[in-house]
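> Let me begin by handing over the structure; questions about it come next.
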Amino acid sequence: MGSAISELPSRRTPLADAAETGLKIVIVGGFGVGKTTLVRSVSEIRPLNTEEVMTQAGVGVDETSGVAAKTTTTVAFDFGRISLNERMVLYLFGAPGQERFWFLWDRLFSGTLGAVVLVDTRRMDDSWYAIDRLEHHRTPFVVAVNRFDDDTAGYSLDEIRQALALPERVPLIDCDARLRQSGKDVLITLVDHLYELAMAQEMTP
Ligand SMILES: Nc1nc2c(ncn2[C@@H]2O[C@H](COP(=O)(O)OP(=O)(O)OP(=O)(O)O)[C@@H](O)[C@H]2O)c(=O)[nH]1
Ligand SMILES: [Mg+2]
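Here the working numbering is used: the first residue of the sequence shown is -15, the next is one more, and so on.
In structure tokens form, the structure reads like this:
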């Protein structure tokens, strides 16, 4: 199956035009699902991170079960950039995952064309808030399952789709946020999805 973005150079659409100046994409999801890792692994510029070391003050506040090795957390947002081809530039904004920073999200969504929801299957409930906010803002999104090594349950994508009550039209894929190509594939899936939505909109009179 060919990716729609490979067809973009020959087609002028509002989405393709916007892509030349840069599409704003947000990466959302629960605490510690790998948002910062994803922005870091795909960004071509040195990513801006607003990571802070988690301290004793966060004990009992920051829910670290399942991410015991985690020592830092995003307190504002991550920022990175990636060119998918010569005509398509994405600006990536990784949201902070902790509940106490969620008030930043709605602002972060302004001007956003699309989003990636990262999911950790060990803590699926953490994805609800992200999906809810995106639906509220009518921001198109794809869902990417970041499989951690100690994810022993091994839920299938179908099971995850059901658990999250995701409609068929929302793309759902596996990824490893630590791998550049995998992160890039997630972004290509998102751009393809945006492209299809834009084409469908063009078709409706
Ligand atoms: N094993 C494994 N570890 C991962 C993967 N992705 C991220 N990690 C690790 O998981 C931890 C959490 O990743 P972060 O990227 O900080 O998560 P985050 O979503 O930005 O977290 P907050 O900003 O605090 O919400 C880090 O120690 C990563 O190295 C993965 O796919 N597999
Ligand atoms: Mg982070």
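Think of the CB as a built atom: it goes at the ideal place given N, C-alpha and C, for glycine as much as any other residue.
For the beta strand (DSSP E) that contains residue 64, what are its first and last residues?
Taking the first residue of the sequence shown as position 1, residue 64 is located at position 80. Run containing residue 64: 62 to 69, per the beta strand (DSSP E) assignment.
> How is residue 26 classed by DSSP in three states: helix, strand or coil?
Along the sequence shown, read from residue 1 onward, the residue named residue 26 stands at position 42. It is helical.
> Residue 100 and residue 126 look like a contact to me (Cβ under 8 Å); what is the Cβ gap, rounded to whole Å?
Residue 100 sits at position 116 when you count from the first residue of the sequence shown. Residue 126 sits at position 142 when you count from the first residue of the sequence shown. That belief holds up - the Cβ atoms of residue 100 and residue 126 are roughly 6 Å apart, short of 8 Å.
> Per DSSP, what kind of secondary structure is residue 6 in: helix, strand or coil?
Within the sequence shown, the letter at position 22 stands for residue 6. Correct three-state label for residue 6: coil.
> Any residue with its C-beta under 7 Å from a non-hydrogen atom of ligand 2 counts. Can you list them all in chain order?
For ligand 2, the selected residues are 19, 20, 35, 57, 58, 62, 78, 80, 81.
> Tell me whether the beta-carbon of residue 161 lies closer than 7 Å to the beta-carbon of residue 130.
For the purposes of this step, residue 161 is taken as the residue at position 177 of the sequence shown. For the purposes of this step, residue 130 is taken as the residue at position 146 of the sequence shown. In this structure, residue 130 lies closer than 7 Å to residue 161 by Cβ.
> Can you determine whether any heavy atom of ligand 1 sits closer than 6 Å to the C-beta of residue 3, and answer yes or no?
Counting from 1 along the sequence shown, the entry for residue 3 is found at position 19. It does not: the Cβ of residue 3 is nowhere closer than 6 Å to a heavy atom of ligand 1.
> Quick one: what's residue 78 bridged to in DSSP?
Reading the sequence shown from its first residue, position 94 is the one you call residue 78. BP columns for residue 78 point to 11, 62.
> Indicate, with yes or no, if ligand 1 has a heavy atom lying under 6 Å from the CB of residue 162.
Within the sequence shown, numbered from 1, the residue matching residue 162 stands at position 178. Yes, since a heavy atom of ligand 1 falls inside the 6 Å radius drawn around the Cβ of residue 162.
> Per DSSP, what are the beta-bridge partners of residue 57 in this structure?
The count along the sequence shown starts at 1 and reaches residue 57 at position 73. Partner(s): 36.
> Would you say residue 85 touches ligand 1, meaning its beta carbon is less than 6 Å from a heavy atom?
The count along the sequence shown starts at 1 and reaches residue 85 at position 101. Checking the Cβ of residue 85 against ligand 1 gives no.
> Going by DSSP in three states, residue 129 sits in which element: helix, strand or coil?
Numbered from its first residue, the sequence shown carries residue 129 at position 145. Correct three-state label for residue 129: strand.
> Using a Cβ-Cβ cutoff of less than 6 Å, which residues in the same chain neighbour residue 98 once the five nearest sequence positions on both sides are dropped?
On the sequence shown, residue 98 is found 114 positions in, with the first residue counted as 1. Cβ neighbours of residue 98 beyond the five flanking positions: 9, 124, 174, 178.
> Using 8 Å for Cβ pairs, my map puts residue 133 next to residue 106. What's the rounded Cβ distance?
Along the sequence shown, one-based indexing puts residue 133 at 149. Along the sequence shown, one-based indexing puts residue 106 at 122. Not a contact, Cβ separation roughly 11 Å.
> From the DSSP secondary-structure annotation, give me the bridge partner or partners of residue 72.
For the purposes of this step, residue 72 is identified with residue 88 of the sequence shown, where counting begins at 1. Paired residues: 69.
> Taking the straight line between their C-alpha atoms, what separation do you get for residue -7 and residue 1?
Locating residue -7 in the sequence shown gives position 9, counting from the first residue. Locating residue 1 in the sequence shown gives position 17, counting from the first residue. Residue placement at residue -7 is flagged as unreliable, the pLDDT there being 48, under the threshold of 50; the coordinate-derived value follows with that caveat. Their backbone Cα atoms lie some 10 Å apart in a straight line.
> Report the three-state DSSP secondary structure of residue 167 (helix, strand or coil).
Taking the sequence shown and counting its residues from 1, the one referred to as residue 167 is at position 183. Residue state, collapsed to three classes: helix.
> Of the residues 109, 23, 140, which one's Cα is nearest the Cα of residue 156?
Mapped onto the sequence shown, residue 156 falls at position 172. Comparing Cα positions, the closest option is 140.
> Is the beta carbon of residue 29 closer than 7 Å to that of residue 65?
Your numbering for residue 65 matches position 81 in the sequence shown. Your numbering for residue 29 matches position 45 in the sequence shown. The answer is yes: Cβ separation under 7 Å.
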